[in-house]
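Below is one structure, written out as structure tokens, with a few remarks after it.
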Amino acid sequence: GLAPLGQNAHAILHGQGIGPLVLLLSSGTVEAKGHAARTLAQLAQRANAASRIAAAGAVSAFVRWLADPSLGPPEVAARALSDVALGNPDTQTQIAEEGAIAPLVAMVAAPRRALDETAARE
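Residue 2 in this note's numbering sits at position 2 of the sequence shown, with consecutive numbering throughout.
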């Protein structure tokens, strides 16, 4: 939850904890990846660590998830990218440059296409 992060944010940020969390995004179990993604997203917003998180490679990992759902839940990656981007023009630019826009648009369009196809069949 949010409370434990509040207590541990300082330790994560000042104990070089961002790097290991970013590594989990690529090498952990799906569950570990999800926990790491949510922790990084919370740190980005609550501890103003978005630039450090992006510099550590998290944006690249999240963009890979968007392209390959076997790496992790795309919805979790999209949410984490949102938190890393919020209010940070530098990370917004990095997210766009790393190719996140097309897969994010596809995620939004997919449910709409499914609804349109269902309506057309009825």
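Here a beta-carbon is modelled for each residue, glycine too, at the ideal position from N, C-alpha and C.
For residue j and residue i, the rounded distance between their alpha carbons
i	j	result
residue 38	residue 102	22 angstroms
residue 106	residue 28	26 angstroms
residue 25	residue 84	15 angstroms
residue 87	residue 80	13 angstroms
residue 82	residue 120	33 angstroms
residue 23	residue 17	10 angstroms
residue 21	residue 109	30 angstroms
residue 41	residue 31	15 angstroms
residue 133	residue 9	Given that the chain is displayed from residue 1 to residue 122, the structure contains no residue 133 and the question cannot be resolved.
Sequence-distant residues of the same chain with beta carbon closer than 8 angstroms to residue i, five excluded per side
i	result
residue 13	43, 47, 49 and 52
residue 75	107
residue 104	66, 78 and 81
residue 97	none
Three-state secondary structure (DSSP) of residue i
i	result
residue 2	Confidence at residue 2 is low in this model, with a pLDDT of 41, below 50, so the placement of that residue should be treated as unreliable; the coordinate-derived value is given next. Residue state, collapsed to three classes: helix.
residue 8	helix
Same chain, Cβ closer than 7 angstroms to residue i, neighbours up to 5 away in sequence not counted
i	result
residue 19	56
residue 54	84, 91 and 94
residue 45	83 and 86
residue 33	24, 25 and 72
residue 3	Per-residue confidence for residue 3 stands at a pLDDT of 46, beneath the threshold of 50, marking its modelled position as unreliable; the derived number appears in the next sentence. Nothing listed; no residue qualifies.
6 angstroms CB neighbourhood of residue i in its chain, flanking five on each side removed
i	result
residue 71	64 and 65
residue 69	none
residue 77	62, 65 and 66
**Asked** Per the contact definition of three or more C-beta pairs closer than 8 angstroms, is the stretch 23-42 in contact with the stretch 53-68?
**Response** yes
**Prompt:** Using 8 angstroms as the Cβ pair cut-off and three pairs as the minimum, do the stretch 77-93 and the stretch 53-60 touch?
**Reply:** yes
| field | Whole beta strand (DSSP E) elements within the stretch 61-117, 3-residue minimum | value | none
Which ranges would you report for the alpha helix (DSSP H) in the stretch 12-55 if only whole runs of at least 4 residues count?
DSSP assignment within the stretch 12-55 yields the following whole alpha helix (DSSP H) runs of 4 residues or more, N-terminal first: 18-27, 30-46 and 50-55.
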